[in-house]
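Working notes, structure below.
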Amino acid sequence: MTTTAIPPEARNAPAAAPKRRPQREREGAAWVFLSPWVLGAIVLTLLPMAVSLYLSFTDYDLFSPPKWVGLRNYVQMFTEDPRYWRSVVTTLMYVLVAVPLQLALALVVALALKGMKRGKGFYRSAFYAPSLLGASMSIALVWRAVFNDGGTVDNLLGTGGWVNKPGWALLAVALLTAWQFGAPMVIFLAGLQQIPAELYEAAAVDGAGKWRQFLSVTVPMLSPVLFFNLVLQTIQAFQVFTPAFAVSAGKGGPADSTLVYTMYLYDRGFVASHMGYASAMAWVLLLVIGIVTAVLFRTSRSWVFYASEGDR
Amino acid sequence: MTSTTVVRKPVRWGRVALHVGCLAALLVMLYPLAWLLATSLKPADEVIASLDLLPSHLEWSNYKTALDGVNDVSIWRLLANSLLIAGGAVLGNVISCSLAAYAFARLRFRFRGPLFAFMIATIMLPHHAVLIPQYIIFNQLGLVNTYWPLILPKFLATEAFFVFLIVQFMRGLPRELEEAARIDGCGPFRSFFQVVLPLTRPALITTAIFTFIWTWNDFFTQLIYLFDPDKFTLTLALRSFVDASSTSAFGPMFALSVIALLPIVLFFLAFQRFLVEGMASSGLKG
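Protein sequences appear in the order of chains X and V. Take the first sequence: its letter number 143 is residue 143 in my numbering, and every next letter is one higher. Take the second sequence: its letter number 31 is residue 1031 in my numbering, and every next letter is one higher.
Right, here's the structure in full:
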């Protein structure tokens, strides 16, 4: 069955004569296969993006027609709405704590499991389990109880309940995210396994210790995977909602300390019916995520190392 | 250092320490789950006051209360609603994402490069950028407070992550198989259904499981689209406990939480191999 020795042109030779027709047929067939995606991309992605940009310049409450107000929403957001800025700062703080913590845990566990001979499969699955359950309302409610006044963490550390303390409630939310390090861990582990053992052997021959090997072999070889995880988890963290909603009983408290960006957007749009304002917020979020992603991509040139670039 | 036993011993101790460390970390990590299970069986007065993880006696009445339902809606109704939404989403994603993925992975068409780049970019697009107009569209169509806004988008391959996942998988399949099929007279449709799709099964299973679990756990979309209590899912029913501060509601609340997590746990136990490998392959290859 192996026909790899035959060059591709030769393999196509029997079909060469009627080649034209199948080729065009394939183009048509491709669009049939793509049609659900194309429809979705237009009706549920591109069109909504354009509409939400338009609505961001209007006053709109879902019931009466949108009223053009120009930059009003943006001006109000940036200059007259302290709660907006509060939500921005809260979200940035959350991203800066949750993402590095989560990725560090993922990397440490992946490194610990890497060379393991027995039990690797078990640990991999067990450490991954919280990631699937943790996104649920059930676990968010558990989190609130465990970090509440009189909850386990209070009993253990005498914290007096983080959920009620403005400085600490956000940390509880960030810990819930960090706890779900399964997905990046599994990706790290797969990446670690693709590093050729010869590289470590060569480094050892050159007299590199474990730490030196980690810095000179593991980190550069793992950098594409690290970058992938960093981008994906950062984008996701900007959109955190459920744990903040549950921990603060849907209010973003105490003292707006867990009022993350999406929760304030939900509050403005779907509770207060200011759809125009919420659309403006959504567009700022889109721009910020776009900028952050672009910056990450730009800085990645200096630290992400693609070893296999040559053979692709 | 000539005797092998001398060398082997410290290595072994390192192994043991590694396992002890991993198990200790797991204990801490799985504590919230144990706590959830224990609390769902605790009598009301022990929920907060007691430091013990284990209840003094098993309070099955929490589950009885939970099974009675929430807001006069029976738990079977909530369960059926959750299953309907998750099942519809699975069907939609598997069909639409595999179709799009086949075109991107295997067929030639104009604008393939830019469209693929656009598809990848939508993975990074925050949901909120399209949320409000989507809501308005479904509102205009009179579909708010129905399940359509939760299911219909999945039939249009809007979850680009899965398209990407299946593309990655299909690219790894040998091209010779399709070429052989073509020589035997198969058009693109037959080679998709009869040659490529059966081989793509692992990726489709991964898509199905992730879709099920993510849809089941999804809270935000359900929160904005559904407001009739008898249309609620288990997740939304739990929301009514969000404001609850009285400890008397705690037992039944966590009993309901356990019930809501049960399908995910079962899915996880049955399919963890696909889940873990599917996730691993999404970050590799390029």
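Just so you know, even glycine gets a beta-carbon here, dropped at the ideal spot from N, CA and C. Quick caveat: nothing in here was measured; it's all calculated off a predicted structure.
Asked                                                                                                                                                                        : Found
Would you tell me roughly how many angstroms separate the C-alpha atoms of A1089(V) and L1236(V), rounded to the nearest one?                                                : 17 Å
Using a Cβ-Cβ distance under 9 Å, would T1158(V) count as near chain X?                                                                                                      : yes
Name the two residues that bound the continuous alpha helix (DSSP H) containing E1179(V).                                                                                    : R1175 to I1183
Which same chain residues, not among the five before or five after S52(X), have their C-beta less than 6 Å away from its C-beta?                                             : S279 and A282
Indicate the three-state DSSP secondary structure (helix, strand or coil) for D59(X) in the structure shown.                                                                 : strand
For F1169(V) versus T1200(V), is the C-beta distance shorter than 9 Å?                                                                                                       : yes
V1070(V) and S1191(V) look like a contact to me (Cβ under 8 Å); what is the Cβ gap, rounded to whole Å?                                                                      : The Cβ separation is near 50 Å, so there is no contact.
Output the distance between the C-alpha atoms of M93(X) and F147(X), rounded to the nearest integer angstrom.                                                                : 19 Å
Please list the residues of the region 1225-1236 of chain V that have a C-beta atom closer than 9 Å to any C-beta atom in chain X, keeping them in chain order.              : L1234, T1235 and L1236
Just to confirm my understanding: we take Q180(X), look at its own chain, exclude 5 residues before and 5 after, and list those with CB closer than 8 Å. What are they?      : Q102, P130, S131, G134 and A135
Quick one: give me the first and last residue of the alpha helix (DSSP H) that S1108(V) is part of.                                                                          : Per the sequence presented here, residue 1108(V) reads as Arg, with Ser not at that position. Element bounds for R1108(V): n/a, residue is neither H nor E.
Does R144(X) pass the burial test, meaning 16 or more other C-beta atoms within 10 Å, or should it be called exposed?                                                        : buried
P1032(V): which of G1283(V), D1218(V), A1044(V) and L1053(V) sits nearest, CA to CA?                                                                                         : L1053(V)
Are the C-beta atoms of G1021(V) and some chain X residue less than 9 Å apart?                                                                                               : yes
Are I1085(V) and Q1222(V) closer than 9 Å when you measure CB to CB?                                                                                                         : yes
As a quick exercise: from L47(X), L96(X), P82(X) and Y128(X), pick the residue whose alpha carbon is nearest that of I235(X).                                                : L96(X)
Which partner residues does V1073(V) have in the DSSP bridge list?                                                                                                           : V1070(V)
Please name the residue, chosen from P1149(V), E1277(V), G1142(V) and L1141(V), that lies closest to L1131(V) on a Cα-to-Cα basis.                                           : P1149(V)
Using a beta-carbon distance below 9 Å, is V1007(V) in contact with chain X?                                                                                                 : With a pLDDT of 49 at V1007(V), under the threshold of 50, the modelled position of this residue cannot be trusted, and the question is left open.
Output, in chain order, the set of chain V residues within a Cβ distance shorter than 7 Å of A126(X).                                                                        : L1026
Which residues of chain X have a Cβ atom closer than 9 Å to the Cβ of P1198(V), listed in chain order?                                                                       : Here the premise fails: no neighbours, minimum Cβ distance about 17 Å.
If you measure between the beta carbons of V186(X) and A1280(V), is that distance less than 9 Å?                                                                             : yes
Please tell me whether Q313(X) has its Cβ less than 9 Å away from any Cβ of chain V.                                                                                         : Beyond the ends of chain X as shown, which are 1 and 312, falls residue 313(X); an answer cannot be given.
Roughly how many angstroms separate the alpha carbons of M49(X) and P1153(V), rounded to a whole number?                                                                     : 15 Å
Starting from the N-terminal side, write out each stretch of the beta strand (DSSP E) that is 3 residues or longer and does not extend beyond the region 250-301 of chain X. : none
I need the straight-line Cα distance from Y74(X) to D81(X), nearest angstrom please.                                                                                         : 10 Å
In chain order, which continuous runs of the alpha helix (DSSP H) of length 4 or greater are located wholly inside the region 102-136 of chain X?                            : 120-133
Please decide whether V51(X) counts as near chain V, where near means a Cβ-Cβ distance under 9 Å.                                                                            : yes
Mind reading off the beta-carbon distance from I979(V) to L1143(V)? Whole number of angstroms is fine, and I expect it under 8 Å.                                            : What is shown of chain V runs 1001 to 1286, which leaves residue 979(V) out entirely.
Could you tell me which chain X residues have their CB closer than 7 Å to the CB of N1217(V), listed as they occur along the chain?                                          : A135 and S136
How would you label T4(X), buried or exposed, when you count the other beta carbons within 10 angstroms and need 16 or more for buried?                                      : Bear in mind that the predicted position of T4(X) carries a pLDDT of just 41, short of 50, making it unreliable; the figure below should be weighed with that in mind. By the 10 Å Cβ count, T4(X) comes out exposed.
With L1234(V) as the anchor, note down where its alpha helix (DSSP H) starts and where it stops.                                                                             : L1234 to R1239
Let me see if you follow: with CB-CB separation under 9 Å, is H1057(V) close to chain X or not?                                                                              : no
Establish whether the CB of Q1134(V) and some CB of chain X are separated by less than 9 Å.                                                                                  : yes
Applying a beta-carbon distance threshold of less than 8 Å, which residues of chain V neighbour F228(X)?                                                                     : G1283
Tell me W68(X)'s beta-bridge partners as DSSP assigns them.                                                                                                                  : T58(X)
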